[in-house]
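Here the numbering used here is used: the first residue of the sequence shown is 46, the next is one more, and so on.
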Amino acid sequence: MKNYYDILEISPKSSKEVMKNAYQVLVKKYHPDLYVGKERIYAEQKIKDINEAYKILSDDFLREQYNTELEKEIQKNKNYINKENIKQDTIQKEKYRQTQVKQKGKNKNYVEETKTHKVGTFMSLIDLSKDVFRNVPKKSIKDIKREDLIAAGLTLLIIIVLGVILWFIPATNGFIRSIIPFV
């Protein structure tokens, strides 16, 4: 079912004056003489839709009938969408619960939160070091993505290179010495 309010780009509560103004603006905007080729065909179809919408909505009796049909259609769609959302939600919850049960069964030290590493940041280096030094099962360390390891290595390399560069700049040499106590 076409939504005539959307076609005329007005609210369902709009007055007849607003509807008439919107109709006139759209007729001027989509007049077929302003377009060529495929755009002209689109404009002709758009004008047909605009005229049909205006014809229905400008008549009080037809507008009343249209509004009741539109309301029924909207209610039907809401009920369908709600049923589908509930069904999808329960399916997803059940799948998540099953994976949690499987993973808990495999490892008693399983951490319930799934951890994602921030790739290419300093935080990825911190996250990886936490995973390595924490009592984490060996399987989860093997599951660390190659990109994460590369990002952590590059981050560490950049920090070292910046430290060396700052070491050779006289103004920052004292600062670097204060940060690294063994130098």
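The C-beta atom is built at its ideal place from N, Cα and C for all residues, glycine as well.
Proximity below 8 Å, CB of residue i to CB of residue j
i: Tyr75; j: Lys91; result: yes
i: Ile171; j: Ala98; result: no
i: Ala67; j: Pro77; result: no
i: Met46; j: Glu139; result: no
i: Trp212; j: Ile224; result: no
i: Ser169; j: Thr200; result: yes
i: Ile95; j: Val72; result: yes
Between the CA atoms of residue j and residue i - distance to the nearest angstrom
i: Glu158; j: Arg191; result: Bear in mind that a pLDDT of 46 at Glu158, under 50, signals an unreliable position, so the model cannot answer this.
i: Pro57; j: Gln133; result: 32 Å
i: Leu115; j: Asp104; result: 16 Å
i: Gly219; j: Thr144; result: 54 Å
i: Arg108; j: Asn124; result: 24 Å
i: Tyr80; j: Lys61; result: 29 Å
i: Asn112; j: Arg142; result: 44 Å
i: Met64; j: Asp193; result: 58 Å
i: Lys229; j: Ile195; result: Outside the shown range of the chain, which is 46 to 228, sits residue 229, and nothing can be said about it.
i: Pro215; j: Val209; result: 12 Å
i: Lys153; j: Thr217; result: Note that Lys153 scores 49 on pLDDT, short of 50, meaning its location in the model is unreliable; the coordinates nonetheless yield the value given after this. Approximately 49 Å between the Cα atoms of the pair.
i: Thr251; j: Lys121; result: Examination of residue 251 is not possible in this model, given that the chain is present from 46 through 228 alone.
i: Gln69; j: Gln110; result: 24 Å
i: Ile204; j: Gly198; result: 10 Å
i: Tyr155; j: Gln137; result: Caution is warranted here: a pLDDT of 47 is assigned to Tyr155, below 50, making its placement in the model unreliable, and the coordinate value is therefore given only provisionally. In a straight line, the C-alpha of Tyr155 is about 21 Å away from that of Gln137.
i: Ile86; j: Phe106; result: 32 Å
i: Glu59; j: Tyr50; result: In the sequence as presented, Glu is not what sits at residue 59; that position holds Ser. So the alpha carbons of these two residues sit roughly 9 Å apart.
i: Lys93; j: Leu102; result: 14 Å
Minimum Cβ-Cβ distance from residue i to chain D less than 8 Å
i: Ile119; result: Structure shown: chain D not included; a single protein chain is present.
Quiz item: Taking only runs of the alpha helix (DSSP H) that begin and end inside the stretch 50-95, which ones reach a length of at least 4 residues, in chain order?
Solution: Note on the stretch 50-95: whole alpha helix (DSSP H) runs with a minimum of 4 residues are 61-74, in chain order.
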